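For the sequence shown, our numbering gives the first residue as 3, with consecutive numbering after it.
Note that the Cβ used here is the ideal one computed from N, Cα and C, for glycine as well.
Predicted model only: the values in this text are computed from it and were never measured.
Here's the structure, in structure tokens; my notes come after.
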Amino acid sequence: MSSLTTIQIVQGQLVRYMPLFTTIIGTIGNILNCIIFSRRSLRRNSCSIYFFASSIGNFFAIYFGCVTRILGSYSINPPLTQMALYCKTKTFLTYIGLAGSAWFIVGACADRYASSASTVRIRSFSQVKNARRAVVLIAILVILIYFQMNFCFDGNVQSANCYPATPFCNTWNDFNLLVTFSLFPPILMLILGWMTIRNVRVGQHLRRESNFKDRQLTAMLFIQVICTGILTLPISVQKIYSEMTLHQSKTVVAQQIESFFATFVVLLALLNTSTSFYLFTLTGKVFRKELKQLFCTKLRQTAVEPTATLMKMTNRKSAFQIE
Numbered sequence: 003m004s005s006l007t008t009i010q011i012v013q014g015q016l017v018r019y020m021p022l023f024t025t026i027i028g029t030i031g032n033i034l035n036c037i038i039f040s041r042r043s044l045r046r047n048s049c050s051i052y053f054f055a056s057s058i059g060n061f062f063a064i065y066f067g068c069v070t071r072i073l074g075s076y077s078i079n080p081p082l083t084q085m086a087l088y089c090k091t092k093t094f095l096t097y098i099g100l101a102g103s104a105w106f107i108v109g110a111c112a113d114r115y116a117s118s119a120s121t122v123r124i125r126s127f128s129q130v131k132n133a134r135r136a137v138v139l140i141a142i143l144v145i146l147i148y149f150q151m152n153f154c155f156d157g158n159v160q161s162a163n164c165y166p167a168t169p170f171c172n173t174w175n176d177f178n179l180l181v182t183f184s185l186f187p188p189i190l191m192l193i194l195g196w197m198t199i200r201n202v203r204v205g206q207h208l209r210r211e212s213n214f215k216d217r218q219l220t221a222m223l224f225i226q227v228i229c230t231g232i233l234t235l236p237i238s239v240q241k242i243y244s245e246m247t248l249h250q251s252k253t254v255v256a257q258q259i260e261s262f263f264a265t266f267v268v269l270l271a272l273l274n275t276s277t278s279f280y281l282f283t284l285t286g287k288v289f290r291k292e293l294k295q296l297f298c299t300k301l302r303q304t305a306v307e308p309t310a311t312l313m314k315m316t317n318r319k320s321a322f323q324i325e
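What follows is the structure, given as structure tokens:
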């Protein structure tokens, strides 16, 4: 078996099974994220608004970025007459999901920076109403930025991926991806995270007992930022390398290796959409507490319902006997 064939087989297996893994754990995790961050004790915290919005964005990336790849690996594709619409819709919704989720985390980092600031004016930005406005603004901007994909993708399908219609569209989309998803947002997250840590160290006297939940959410956010950087920055490296070597002559093996690496970094970026729940569970005591209460409440309801039904049946039987 040649090295070229081996690379193709490994790439095919990655495209088939890695998105399946991401879809399963991502669906479970993001559903639980939405339930927990919408609970009364957390939804009144501005940072939770960004986490909730990020989980919604993850759903778009998972179902339009992963599920379509799974179907494509089994050669389940739409008819050729619908391929153009399929590619435009798939890429547009995948990218706005990825970019939206990343920028909501940037918003959460800005919120944590504001909440830890020593200036009252800056701290006032860390409010639920401002978080909701920021979420709506980010969603609108991301949709407008990626709306050009409805014109730049023509429906060619190669390796279960849709490709831009022209070289200009390809270059523009690579640049757009760097700015709005894989490079600029992680850098902003790290900068805002460092500024938040500095604020916390300088302003220890500003802490109050009620800030325990805020500190827990901040710790969860930092772990999410680190994971996002690890899983999304490789796609920046791949895009920059691809543009730098665009006009170089390459062997067939080199082209296949680059194709494998491009597929792998995209799958890593998609994997990032499924990790938040598990990171929050490992690092956030407040999150674990809410999760435990959620399941305990469901278990109590499950146990109470049969008992109540049995009591009703017993009461009816007793009434019948008396009559």
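Could you check which residue in the options has the C-alpha nearest to that of residue i?
i, options, result
"Leu219", "Arg46, Thr24 and Leu296", "Arg46"
"Leu270", "Gly99, Phe66, Ser4 and Met20", "Met20"
"Val108", "Ala133, Lys90, Ser126 and Tyr97", "Ala133"
"Val357", "Ser50, Cys89 and Thr29", "What the structure shows of the chain is the stretch from 3 to 325, and residue 357 is not part of that stretch, so it cannot be assessed."
"Ser5", "Gln295, Cys298, Gln257 and Val268", "Gln257"
"Leu233", "Ala104, Thr121 and Cys164", "Ala104"
"Ala119", "Lys92, Met197 and Leu87", "Met197"
Tell me, which residues are paired with residue i by DSSP?
i, result
"Pro166", "Phe155"
Span of the alpha helix (DSSP H) holding residue i?
i, result
"Leu68", "The residue asked about is misnamed: residue 68 is Cys in this sequence, not Leu. Here Cys68 belongs to no alpha helix (DSSP H), and DSSP marks it neither H nor E."
"Thr234", "Phe214 to Met246"
"Gly328", "Residue numbering for the chain in the displayed model covers 3 to 325; residue 328 lies beyond these limits and cannot be assessed."
"Gln10", "Ser5 to Phe39"
"Tyr76", "Premise fails: Tyr76 is in no alpha helix (DSSP H) and is neither H nor E."
"Asn47", "No alpha helix (DSSP H) holds Asn47; DSSP gives it neither H nor E."
"Lys92", "Met85 to Ser118"
"Lys252", "Run containing Lys252: none; DSSP gives neither H nor E here."
"Asn132", "Val130 to Tyr148"
Near residue i, what residues of its chain come up, given a Cβ to Cβ distance below 6 Å and the 5 sequence neighbours on each side ignored?
i, result
"Leu185", "Ser238"
"Phe262", "Ile9 and Gln13"
"Thr24", "Cys68, Leu272, Leu273 and Ser276"
"Lys319", "Caution applies to Lys319, whose pLDDT of 49 falls short of 50 and renders its modelled position unreliable; the model cannot decide the point."
"Gln15", "none"
If I measure Cβ to Cβ from residue i and keep anything under 7 Å in the same chain, skipping five residues before and after, which residues do I get?
i, result
"Ala116", "Ile124, Arg125, Phe127 and Ser128"
"Gly31", "Ser276, Ser278, Phe279 and Tyr280"
"Asn172", "Pro166"
"Asp113", "Ser48, Cys49, Tyr52, Ser128 and Ala133"
"Ile27", "Ser276"
"Lys215", "Asn47 and Val288"
"Gln240", "Phe263, Ala264 and Val267"
"Thr7", "none"
Tell me which residues share the same chain as residue i and place their Cβ nearer than 8 Å to its Cβ, disregarding the 5 neighbours each side in the sequence.
i, result
"Arg200", "none"
"Leu235", "Ser184, Leu185 and Pro188"
Identify every run of the alpha helix (DSSP H) within the region 166 to 207, keeping only runs that are complete inside it and at least 4 residues long; order them along the chain. With a minimum length of 4 residues, the continuous alpha helix (DSSP H) runs that stay inside the region 166 to 207 are 169 to 179 and 186 to 204.
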